[in-house]
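Heads up, the sequence shown is in the UniProt record's numbering, so the first residue is 1 and it goes up one at a time. A short write-up of the structure that comes next.
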Amino acid sequence: MISMKIISDVSLDTALISMYMKCGSLHDAQRVFFSLKDRKCKTWSALISGCSDYGCSSVALTLFEEMQEQSILSDRVAFLCTFRACNSLQHVMIMHNQVLKHNMENDPFIASRLIDMYSKCRNLEEAYNTFERVHGKDAAIWSSIISCCSHVQQDNRALELFQRMIREGTKPNDFIFSCVLTSCANSRTLTQGRIIHDMSLKSNLLLDVVVGNSLIDMYAKCGSLDEAFKVFEKLASKNCISWGTIIDAYVRNGSSVAALEIFDSFKASKQTSDRVIFISVLKACCNVGELVQGRQIHIEIINYGLSEDTSIGNMLIFMYLICQKLEDARNVFDKLSARSCITWSAMLSGYVQQQQWMIVLDLFEELLQKELKLDKVIFLYVLEACANLRSITKLCQIHDQVIKHSLETERALGSALLDTYCKCGHFYEGYWIFERLPCKDIVTWGAMIGGLVHGGEWSLARRCLSKMREQGMSPCIEIYSCILNACSSSGLVEEGQWYFDNMKEDHKILPNIEHFTCMVDLFGRTGLLNESEDFLQTMPVPPNETSWTSFLTSCKTYYNNLNIGCVCSIEHVRSPKEVEPRSKALNGKCYQEHS
Numbered sequence: 001m002i003s004m005k006i007i008s009d010v011s012l013d014t015a016l017i018s019m020y021m022k023c024g025s026l027h028d029a030q031r032v033f034f035s036l037k038d039r040k041c042k043t044w045s046a047l048i049s050g051c052s053d054y055g056c057s058s059v060a061l062t063l064f065e066e067m068q069e070q071s072i073l074s075d076r077v078a079f080l081c082t083f084r085a086c087n088s089l090q091h092v093m094i095m096h097n098q099v100l101k102h103n104m105e106n107d108p109f110i111a112s113r114l115i116d117m118y119s120k121c122r123n124l125e126e127a128y129n130t131f132e133r134v135h136g137k138d139a140a141i142w143s144s145i146i147s148c149c150s151h152v153q154q155d156n157r158a159l160e161l162f163q164r165m166i167r168e169g170t171k172p173n174d175f176i177f178s179c180v181l182t183s184c185a186n187s188r189t190l191t192q193g194r195i196i197h198d199m200s201l202k203s204n205l206l207l208d209v210v211v212g213n214s215l216i217d218m219y220a221k222c223g224s225l226d227e228a229f230k231v232f233e234k235l236a237s238k239n240c241i242s243w244g245t246i247i248d249a250y251v252r253n254g255s256s257v258a259a260l261e262i263f264d265s266f267k268a269s270k271q272t273s274d275r276v277i278f279i280s281v282l283k284a285c286c287n288v289g290e291l292v293q294g295r296q297i298h299i300e301i302i303n304y305g306l307s308e309d310t311s312i313g314n315m316l317i318f319m320y321l322i323c324q325k326l327e328d329a330r331n332v333f334d335k336l337s338a339r340s341c342i343t344w345s346a347m348l349s350g351y352v353q354q355q356q357w358m359i360v361l362d363l364f365e366e367l368l369q370k371e372l373k374l375d376k377v378i379f380l381y382v383l384e385a386c387a388n389l390r391s392i393t394k395l396c397q398i399h400d401q402v403i404k405h406s407l408e409t410e411r412a413l414g415s416a417l418l419d420t421y422c423k424c425g426h427f428y429e430g431y432w433i434f435e436r437l438p439c440k441d442i443v444t445w446g447a448m449i450g451g452l453v454h455g456g457e458w459s460l461a462r463r464c465l466s467k468m469r470e471q472g473m474s475p476c477i478e479i480y481s482c483i484l485n486a487c488s489s490s491g492l493v494e495e496g497q498w499y500f501d502n503m504k505e506d507h508k509i510l511p512n513i514e515h516f517t518c519m520v521d522l523f524g525r526t527g528l529l530n531e532s533e534d535f536l537q538t539m540p541v542p543p544n545e546t547s548w549t550s551f552l553t554s555c556k557t558y559y560n561n562l563n564i565g566c567v568c569s570i571e572h573v574r575s576p577k578e579v580e581p582r583s584k585a586l587n588g589k590c591y592q593e594h595s
């Protein structure tokens, strides 16, 4: 064309620039543009549009700025093309100022796009101010502002605007219905949702699949599964989103078996599945422990080429772990090329559940090589492994990582750290962490006191109890259970008696069967069988199997007191409750040794 010396005109220049940009040749498009002596608004718009689509946002915005400097009158197309390059609130506000300078804010297309851009930046007030300045608002303007409110989860405001729109005489379209139904779903306003449903029927929009899908979602989130399914059944055309929405609705409402049955119907419809549906049905399999169907779904996922999807992989791991198939879960884990924190956390949880503590720590070492931002759940799992292995070396490494990830003041992690230090025998390090926690709850106090008691640090444990009281917190039943268990396992009679009395007298906590059993065990372990029997016989609640077993074990240990064991075992056997095998064996042992 150049060799034929065709005289350039605006349409041809614009078409050339657009063609080069669509072919991905920014350089050639710029060459044509800068060779033009007389650049019109259309040619500027073509290059700006291409740069926006090409991902060169800064170039597009710079071109628009140069266009203003050269006093080229910008039209609607130029603005709309440049809007596509705006990827920050600052860019949007700069363009908004240009719109005001050109007196174009009342243009419905431009106003609508401005509202949409403010919505993406989550700036509702600027979006609303733009909306209010528009005269003669059409459905597109109303759609933009209602969608904006729904997007930033200002659901009540979205519903108020919808009602105002109706009063001002604008008829809602399918997109507006969909937006306000989403707001009804988010705010759980079932009554308003039903009213909008009736309006959609009168507008003959129910057959629209977009409105239908929004209705299904609204009814499901408002807890009306029957109404959701009725809408689903009446849809003349069901797309993948329709099926995914109803399946997810049943899963979220605890009807996982029904969700899997609907999935079977979906497969019979010969429609193509997507990742959302697969994730929902895998959740259903997790909820009901359905391994057979879970495996079938896994095969389908592989056939669809979605096995590398991280979210799907995570759900497969969860499904196999819930079904006690740790090896299958690990196979899925190993084949995932992209693993999120959730992936690692799920796999760690599987090994924690199986008490494979060394593998937990080995997996954590592998995770550290990936340079992911770790969350507290992962650290809680590895700390549990460390506590069970009593590995102070590993604990120090994990503690360093907790600090590196700025999680040392997180309450749950602080409790786990101090508990692990205490279990590793490093009580003062645990206490050091405890003292630096900005906020301590009953679990934190319990972990600290229990750890100190278990390690025999009684003065420090009592100091903690006093501090609790000073801070207006009273030890709970669980804390005393922890303390008495520790006293029992350590054979600390005086301390155990002190805490038992302290619980009743100072804190007015009525001991339960667990506390009495701890005391029976405490006295029995140390050979004080008369005191143990007194607790057993004077409990305000009937002794349970654990109480009897503990006492009889002590009687078996201390042969000089078999009389007590035999007398008590007679009462135990006469009890109307079924006797556990271990108690029966101990009863028999008492009789055998005594005869």
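In this text, a Cβ means the ideal position worked out from N, Cα and C, and glycines have one as well. Remember, predicted model here, so these are calculated numbers, not experimental data.
- Taken atom to atom, the span from the alpha-carbon of S481 to that of Y499 is near 10 Å.
- Within the stretch 52 to 130, complete alpha helix (DSSP H) segments of at least 4 residues are found at 57 to 69, 76 to 83, 89 to 101, 108 to 120, given in chain order.
- Between I246 and A228, the CB-CB gap stays under 9 Å.
- Take L528, set aside five residues on each side of it, and the residues of its chain with a beta-carbon closer than 8 Å to its own are V493, in chain order.
- With a beta-carbon spacing of about 18 Å, L80 and R133 fall beyond the 8 Å limit used to define contacts.
- Straight-line measurement puts the Cα of D328 at about 34 Å from the Cα of K221.
- In the displayed model, V134 falls within coil according to three-state DSSP, outside both helix and strand.
- Take V59, set aside five residues on each side of it, and the residues of its chain with a beta-carbon closer than 7 Å to its own are C51, in chain order.
- DSSP places M347 in the uninterrupted alpha helix (DSSP H) bounded by 341 to 353.
- C-alpha of E410 to C-alpha of P475: approximately 21 Å in a straight line.
- Judged by DSSP in its simplified three-state form, D441 adopts coil rather than helix or strand.
- The three-state reading of DSSP puts T43 in helix, counting H, G and I together.
- Between W344 and L367, the alpha-carbon positions lie close to 7 Å from each other.
- Of the candidates S187, L536, L181, the residue whose Cα lies closest to the Cα of I195 is L181.
- For V99, the closest alpha carbon among the candidates D138, I115, G491 is that of I115.
- In this chain, K373 is not harboured by any alpha helix (DSSP H), its DSSP state being neither H nor E.
- Between the C-alpha atoms of E126 and R76 there is a straight-line separation of about 20 Å.
- In this structure, DSSP gives Q324 a state outside helix and strand, which the three-state scheme calls coil.
- For S459, the enclosing alpha helix (DSSP H) begins and ends at 458 to 470.
- Judged by DSSP in its simplified three-state form, G430 adopts helix.
- Per the C-alpha coordinates, the member of K283, C41, D309, A268 positioned closest to A78 is C41.
- Of the residues assessed, G496 falls on the buried side of the cut-off, its CB having 16 or more other CB atoms within 10 angstroms.
- T189 carries a coil assignment under DSSP once its states are collapsed to helix, strand and coil.
- Here DSSP, grouped into helix, strand and coil, assigns M218 to helix.
- By the criterion of a C-beta distance shorter than 7 Å, F109 is surrounded in its chain by R76, L80, once the five residues flanking it on both sides are discounted.
- Considering only C518, F523, E531, T557, the residue with the shortest C-alpha distance to T546 is C518.
- Contact between V211 and G244 does not hold, since their C-beta atoms are separated by about 16 Å, which reaches or exceeds 8 Å.
- E410: not part of any alpha helix (DSSP H); DSSP gives it neither H nor E.
- Short of 7 Å from the beta carbon of L316, and not among the five residues preceding or following it, lie these beta carbons of its own chain, in chain order: L282, H298, V332.
- When secondary structure is reduced to three states using DSSP, A338 falls in the coil class, being assigned neither helix nor strand.
- Every alpha helix (DSSP H) of 4 residues or more that sits fully in the stretch 204 to 274 is shown, in chain order, as 209 to 221, 225 to 234, 240 to 252, 256 to 268.
- In this structure, DSSP gives I312 a helical state, which the three-state scheme calls helix.
- Under the three-state reduction of DSSP output, D506 falls in the coil class, being neither helix nor strand.
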